[in-house]
Amino acid sequence: MRTPRIAVVLLLIAGCLASQARAAETLKIGFITTLSGPQGVIGKHMKDSVELALDHLGRKVGGLETEVTYGDDQAKPDVGKQVADEMLKKHRVNFVAGVIWSSVLLAVAPTVTASGTFMIDTNAGAHEFAGKQCHELFFATSWQNDQTPEAMGKHMQDQGVTDVYVLAPNYAAGKDMVTGFKRFFKNRIVDEVYTKFGQQDYQAEISQIRAANPKAVFVFYPGGMGIQFVKQYVQAGLREQYPLYSVYTVDEVTLPALGDAALGSWETRYWSPDLKNEANAKYVGDFRKKFGYTPSYYGAQSYDGILLIDSAVRAVKGDLSNKKGMIAAMSRADFRSTRGKFTYNTNHFPIQNFYLLKAVKGGSGEVEMQIQKTVFENHKDAYYQECPMK
Amino acid sequence: MTALLVAEQCLNGLQLGVMLFLMAAGLTLVFGIMNLVNLAHGSLYMVGAYLATAVFNWSGSFLLGVLFALPATLAIGMLVEVIALRRLYERDHLDQVLATFGLILFFNEAVAIVWGRTALFTRVPSALTGHIMVLPGVSYPAYRAVIILVGLAVALVLYVLVSRTRLGMLIRAGASNRTMVAALGVNIRLLYTLVFGFGAALAALGGLMAGPIYNVQPGMGEEILIQVLVVIVIGGIGSIRGALVGAVVVGMVDTLGRAFLKPLLSTTLGPVAAQSAGPALASMLIYLLMAAVLFFRPRGLFPAVRS
Chain A
68 MRTPRIAVVL LLIAGCLASQ ARAAETLKIG FITTLSGPQG VIGKHMKDSV ELALDHLGRK
128 VGGLETEVTY GDDQAKPDVG KQVADEMLKK HRVNFVAGVI WSSVLLAVAP TVTASGTFMI
188 DTNAGAHEFA GKQCHELFFA TSWQNDQTPE AMGKHMQDQG VTDVYVLAPN YAAGKDMVTG
248 FKRFFKNRIV DEVYTKFGQQ DYQAEISQIR AANPKAVFVF YPGGMGIQFV KQYVQAGLRE
308 QYPLYSVYTV DEVTLPALGD AALGSWETRY WSPDLKNEAN AKYVGDFRKK FGYTPSYYGA
368 QSYDGILLID SAVRAVKGDL SNKKGMIAAM SRADFRSTRG KFTYNTNHFP IQNFYLLKAV
428 KGGSGEVEMQ IQKTVFENHK DAYYQECPMK
Chain B
108 MTALLVAEQC LNGLQLGVML FLMAAGLTLV FGIMNLVNLA HGSLYMVGAY LATAVFNWSG
168 SFLLGVLFAL PATLAIGMLV EVIALRRLYE RDHLDQVLAT FGLILFFNEA VAIVWGRTAL
228 FTRVPSALTG HIMVLPGVSY PAYRAVIILV GLAVALVLYV LVSRTRLGML IRAGASNRTM
288 VAALGVNIRL LYTLVFGFGA ALAALGGLMA GPIYNVQPGM GEEILIQVLV VIVIGGIGSI
348 RGALVGAVVV GMVDTLGRAF LKPLLSTTLG PVAAQSAGPA LASMLIYLLM AAVLFFRPRG
408 LFPAVRS
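Heads up: the protein sequence lines correspond to chains A and B, in order.
Under the working numbering, the residues of the first sequence are numbered 68 to 457, in order.
Under the working numbering, the residues of the second sequence are numbered 108 to 414, in order.
What follows is the structure in C-alpha cells.
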C-alpha cells in the first residue's frame with residue numbers, strides 16, 4: 068500500500084511544528100572553551116564544572132529542558148568565531164558562554180551580542196568589554212584582566228618590594244596583566260619582557276633574569292606555559308634567589324604537574340578551593356567526588372556562569388524572549404556564587420574581593436594554594452567609567 | 108659580564124638546537140627516503156615522553172624510563188608504519204598530510220584517555236639536579252648539559268651509521284633512487300620500516316629528555332613540530348647533516364633573538380618602539396630566516412642528492 072503523498076507532506080509539516088513548539092521551551096546554551104591541544108586541560112575543568120552545575124540544577128537550567136553544546140576553539144580566535152557562528156546559526160542558542168582566551172573573546176563576543184544573543188564570559192577579561200565595547204547582553208562571571216595583577220601590584224607595593232622583573236606572553240591578556248600590575252605597583256621595574264604565546268623553553272629568559280639580578284620576579288603564564296616556566300625557574304635555582312609572584316600561573320590546573328616546584332609561589336585571585344562559603348563547599352566537595360580532582364577558578368567561574376543563566380531564566384519564568392527581564396535579573400547577581408556574595412558593576416563585570424594566596428604543603432601532603440589575606444575588598448575594574456551603560 | 112651572558116645564551120641555543128635535531132633527524136630521513144610527509148612525528152615525541160615519564164614515576168628510576176620508552180616507541184613507530192603509513196607512499200602529499208594529521212588526533216586522544224588531559228608530573232632525575240661550571244662565572248644546569256652531550260653523541264653515531272655502514276649506504280641509496288635499490292634485491296619495505304622505527308626512537312629520545320623541563324601533556328608534540336619543520340626546510344630535506352646544521356642555526360637564532368633583539372633595538376629605535384617590536388620580531392626570526400634560505404637556496408643549505 069502506498070501512503071498518499073499529501074499525507075507525508077502533512078506529517079512533515081506537523082513534525083516541523085512540533086519540533087518548533089518544543090524548541091520554545093528548550094534552553095540552548097553554547098559553551099565555547101579549549102578542549103584540544105596542550106591547553107585542553109583548562110577546557111576540561113570548565114566543561115566538568117558546567118556538567119556539575121547542570122547536575123545541581125537537575126539538568127534543568129531555569130526550570131527549562133536544557134541542551135548544552137560544547138565547542139572547541141583550539142585557543143585560536145578564528146576557530147572560536149567559526150564555532151560561535153555555528154552555535155548561533157545552526158544550533159540557535161539562547162546563550163553563548165565560556166571562552167578562556169582574551170584574544171578569542173575579542174573575536175567571539177561582538178559576533179554573539181550583535182546577533183541579539185547573550186554572551187556569558189566565564190574567563191577571559193579583555194579590557195575592551197569592560198570599557199568602550201561593553202554591551203547590555205554581555206556578562207562576565209570572572210574578572211577583568213587587570214584586576215588580579217592589580218591586587219598583586221598592591222601587595223608587592225605594600226611589602227616594599229622593588230626592582231621587579233616582569234614577564235608575560237605576548238598577547239591581549241599579557242599586556243592587560245602588566246598594565247594592571249603597574250597601576251598599583253609604583254616601585255622600580257627592572258625589565259618588562261613579552262614572550263611568544265605558547266613558548267616552551269624559557270632558559271634564555273632565565274639567563275637574562277639572572278644577569279639582570281632583580282629583587283623579585285612577577286609573571287603571568289597561564290596553563291602549560293606556567294608549568295614550563297615555573298619548572299625551569301626552579302630548576303635554574305632562581306626560586307631561592309628571587310621570590311616568584313604570579314597571577315593565573317600556579318593554580319589547580321598546573322599544580323599536579325608542578326608538585327613541589329610550586330612551593331613558595333605567591334598568587335592573587337578572587338577565588339580559591341579553600342574560600343569559606345556554603346556554595347563553594349558544595350561545589351568543591353561534589354566536584355572532587357564526581358571527577359576525582361580539585362577544581363580551579365576556571366571551573367568555579369563556569370559553574371557560576373550556569374547558575375547566573377539559571378537565575379535569569381527563573382526571573383522571567385522561562386520566557387526566553389524577555390531579554391530586558393533577563394538583563395535586569397542578571398545585573399542583580401542573584402545566585403549563590405562560589406565566591407560568596409558579589410555585585411555587578413554597570414559594565415556587567417563583578418565587583419569582588421581579591422585575596423593573596425601561597426602554595427604550601429596541605430594536610431594530605433599535596434601542594435595546595437591557601438588564602439593568606441584579603442588584598443582588595445569589593446574591587447572595581449579600572450574601565451567601567453568608559454562604558455556607556457550607566 | 109656581557110660576554111659571559113652571550114656564552115650562556117649560546118649554550119641555551121645549542122641545547123634547543125640539539126632537541127630540535129633529535130626530532131628533525133627522524134623526520135628528514137623519513138621524508139627524504141620514503142618521500143612521506145609525516146606530521147605525526149610529534150606524536151611519537153609525545154608517546155616517548157609519556158612512556159618514559161610513566162615508568163619513571165612508577166619505578167623512581169629515570170634510566171629505567173629511558174630503557175623502556177626507547178624500544179617501546181621504536182616498536183610503536185614500526186607498527187604504525189606497517190598498519191597505516193605503508194599504504195601512503197605512492198599517494199600524493201595531501202593524502203599523507205591528511206592521514207598523518209588523523210594520526211595526531213588519534214595519539215592525542217589515546218594519550219588523554221590513558222593518562223588524562225592534565226599534564227603529568229615529572230622532575231629532573233635527582234643525579235642531574237645540580238649545576239656545573241662550564242666557564243668561570245657561568246654555571247649551567249647539569250640536566251641541560253647532558254641533553255647537549257646526548258644530542259651531539261647521537262649526531263656522531265648517526266653520521267657514522269649513515270656514511271660508514273652498509274645500512275647507511277642502503278639508506279642513502281634509497282634516498283637517491285629507491286627503484287634501483289629495490290631492483291638490486293634489497294628488501295626496501297623492511298628498510299623503510301626500520302628507518303621509520305629508528306626515526307620514532309629518536310623522536311622518543313627528544314620527548315623523554317624534554318619531559319622534565321617542558322610539560323608532558325596531550326598535544327605537546329605539535330608545539331615543537333612547527334619549529335622542526337622549519338629546521339628541515341632550512342637544512343635541506345633528507346639530509347642528516349642539514350638537519351644538524353639547521354637545528355643548531357634555528358636554536359641559536361631563536362634563543363639569541365629572544366635574549367638580545369630587544370636591547371639591541373632599543374639602542375637604535377628607543378626603548379618604547381623596542382618594547383613592542385622586539386618580542387614580535389624575535390618570534391618571527393626563524394621564519395624570516397627560513398624565507399631567506401628558501402629564496403637563496405630553495406632546496407635548503409644541504410640538499411640531499413637525488414637522481
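Glycine included, each C-beta is placed from N, C-alpha and C at the ideal position.
For the segment 342-372 of chain A, residues whose beta-carbon sits nearer than 9 Å to a beta-carbon of chain B comprise 360.
Nearest to residue 416/A by C-alpha distance, out of 270/A, 454/A, 256/A, 272/A, is 454/A. Taken in chain order, the unbroken stretches of alpha helix (DSSP H) that lie wholly in the segment 284-316 of chain A and span 4 residues or more are 291-302, 305-308.
Distance between residue 332/A and residue 119/A, taken at the CA atoms: about 30 Å. The beta carbon of residue 215/A sits closer than 6 Å to the beta carbons of 314, 335 from its chain, once the five residues preceding and following it are set aside; these are given in chain order. Per DSSP, the unbroken beta strand (DSSP E) holding residue 246/B starts and ends at 245-248. With respect to the C-alpha of residue 373/B, the residue from 366/B, 365/B, 382/B having the closest C-alpha is 382/B. For residue 163/A against residue 179/A, the beta-carbon gap comes to about 5 Å, under 8 Å, which counts as contact. Beta-carbon to beta-carbon, residue 387/A and residue 94/A are separated by about 7 Å, close enough to satisfy the 8 Å threshold. Under the three-state reduction of DSSP, residue 139/A is assigned to strand. Within the segment 143-229 of chain A, the complete alpha helix (DSSP H) runs of at least 4 residues fall at 144-156, 169-181, 194-197, 214-225. In this structure, the alpha-carbon of residue 258/A lies about 12 Å from that of residue 366/B. Under the criterion of beta carbons closer than 8 Å, residue 437/A and residue 209/A do not qualify as touching, at roughly 21 Å.
Residue pairing by DSSP places residue 441/A opposite 422/A in a beta bridge.
As the crow flies, the alpha-carbon of residue 100/A is around 46 Å from that of residue 281/B. Annotation: residue 389/A to residue 206/A spans about 16 Å, alpha carbon to alpha carbon. Note: residue 95/A is bridge-paired with 134/A in the DSSP secondary-structure output. Residue environment for residue 109/B: exposed (fewer than 16 other C-beta atoms within 10 angstroms of its C-beta).
Within 10 angstroms of the beta-carbon of residue 183/A lie fewer than 16 other beta-carbons, which makes it exposed. With contacts defined by Cβ atoms closer than 9 Å, residue 157/A and residue 174/A do not form a contacting pair. DSSP lists 411/A as the beta-bridge partner residues of residue 417/A. Closer than 8 Å at the C-beta level to chain A, one finds these residues of the segment 224-256 of chain B: 224, 225, 226, 227, 228, 229, 230, 231, 236, 238, 248, 250, 251. Annotated three-state conformation of residue 242/B is strand, per DSSP. Annotation for residue 408/B: 341, 342, 343, 349, 352, 353, 400 place their beta carbon closer than 7 Å to its own, counting only its chain and skipping 5 residues before and after. At a Cβ-Cβ threshold of 9 Å, residue 235/A and residue 312/A do not count as neighbours. In terms of CA proximity to residue 377/A, 132/A leads the group 132/A, 240/A, 260/A, 114/A. The C-beta separation of residue 317/B from residue 184/B comes to about 17 Å, leaving the pair out of contact by the 8 Å criterion.
Think of a sphere of 9 Å around the beta carbon of residue 262/A: the chain B residues whose beta carbon falls inside it are 365, 386, 389, 390, in chain order.
Residues are counted here when their Cβ sits less than 8 Å from a Cβ of chain A; for the segment 324-342 of chain B these are 324, 325, 326, 327, 329, 330, 331, given in chain order. Per DSSP, reduced to three states, the secondary structure at residue 152/B is helical. Burial is judged here by how many other beta carbons sit within 10 angstroms of a residue's own beta carbon; residue 142/A has at least 16 and is buried. The C-alpha of residue 230/B lies about 52 Å from the C-alpha of residue 385/A.
Under DSSP, residue 335/A shares a beta bridge with 423/A. Within chain B, no C-beta atom comes less than 9 Å from the C-beta of residue 379/A; the nearest is roughly 31 Å away. Identification of chain B residues near residue 237/A by a Cβ-Cβ cut-off of 8 Å yields 386, 387, 390, ordered along the chain. Runs of the alpha helix (DSSP H) lying entirely within the segment 115-172 of chain B, each at least 4 residues long, are 148-166 in chain order.
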